[in-house]
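Everything on this sheet refers to the single structure shown next.
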Amino acid sequence: MITIDLVESLDAYRESLRVRLGEPYRTMLGHFRHEVGHYYQNVLVETDPGAGRYLDECREIFGDERASYQDELARHYRFGAPPNWGESFISEYATMHPWEDFAECFAHYLHITGTIDTARESGLILQADRVRFSMQRDVVPLPSYDDTPIEGLLEDWKWLSLCFNRVNTAMGKNPLYPFDIPPAVVRKLAFVHKVIRETSRAAG
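The sequence shown begins at 400 in the numbering used here and counts up by one.
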């Protein structure tokens with residue numbers, strides 16, 4: 400079961416919460432994708448047969464989910480994120496508990512793959528000799544990144560997100576994707592990428 404907070408659909412509430420929490424991005428879709436991450440961690444990683452393949456590695460990368468959630472929640476809201484959190488996490492909220500770290504990374508994986516797929520369906524191609532970026536090659540979104548390591552997916556995303564951020568700015572909006580992805584988060588996204596690909600292939 401995936402549970403979402405419907406009050407997040409109210410623009411004024413959601414925006415006031417975003418400002419109060421100091422978040423650069425908060426949308427109903429982002430909330431839904433985060434909750435989907437919780438669901439799939441339980442189904443694909445923590446429940447057999449996936450637990451036998453992925454649970455130990457998940458704990459190594461994200462931390463031990465058996466840590467008290469209530470204690471970690473209280474710590475987070477009392478003290479906030481640790482210093483230099485951006486070196487290891489995609490968001491401050493991800494620092495709260497391993498479950499939240501996984502869900503945040505899963506949501507970002509869906510943000511990235513969904514937006515790239517939309518760009519591809521729209522026929523968008525970034526030509527290296529026509530954009531004002533130091534690109535070494537054209538960026539042609541692939542129909543599928545199943546056979547591509549996470550680094551290849553994120554390389555395409557780096558340039559596409561720069562383009563999308565500029566488009567948003569041209570309309571007086573905040574950047575579409577206002578996040579940096581440090582190496583530690585690349586490793587986490589690689590794990591999500593692997594679990595999704597391998598589970599999909601096993602399902603036929």
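Every residue, glycine too, gets a C-beta built ideally from N, C-alpha and C.
Keep in mind it's a predicted model, so treat the numbers as computed, not measured.
Please list the segments of the alpha helix (DSSP H) lying wholly inside the region 449-498, counting only runs of 4 or more residues, in order along the chain. Residue ranges of uninterrupted alpha helix (DSSP H) with 4 or more members, entirely inside the region 449-498 and ordered along the chain, are 449-461, 468-478.
Is it buried or exposed, Ala583, if we count other Cβ atoms within 10 angstroms and call 16 or more buried? Taking the sequence shown and counting its residues from 1, the one referred to as residue 583 is at position 184. Ala583 comes out exposed.
With C-beta atoms as the reference, is His592 less than 8 Å away from Ile549? As a working mapping, residue 592 is identified with position 193 in the sequence shown. As a working mapping, residue 549 is identified with position 150 in the sequence shown. Taking 8 Å as the Cβ cut-off, His592 and Ile549 qualify as a contacting pair.
Please report how far the alpha carbon of Gly451 lies from the alpha carbon of Gln526, in whole angstroms. Residue mapping note: residue 451 aligns to position 52 of the sequence shown, counting from 1. Residue mapping note: residue 526 aligns to position 127 of the sequence shown, counting from 1. Each residue's Cα considered, the two are about 44 Å apart.
Counting pairs of Cβ atoms below 8 Å between the region 503-521 and the region 535-553, do you hit three or more? Touching, yes.
Are the CB atoms of His433 and Glu503 within a distance shorter than 8 Å? Taking the sequence shown and counting its residues from 1, one reaches residue 503 at position 104. Taking the sequence shown and counting its residues from 1, one reaches residue 433 at position 34. In this structure, His433 lies closer than 8 Å to Glu503 by Cβ.
Collapsed DSSP secondary structure at Leu509 in the structure displayed: Sequence index remark: in the sequence shown, residue 509 carries index 110 (1-based). Helix.
Identity of the residues DSSP links to Leu525 by a beta bridge: As a first step, residue 525 is located in the sequence shown; it is residue number 126 there, counting from the start. In DSSP, Leu525 forms a bridge with Val538.
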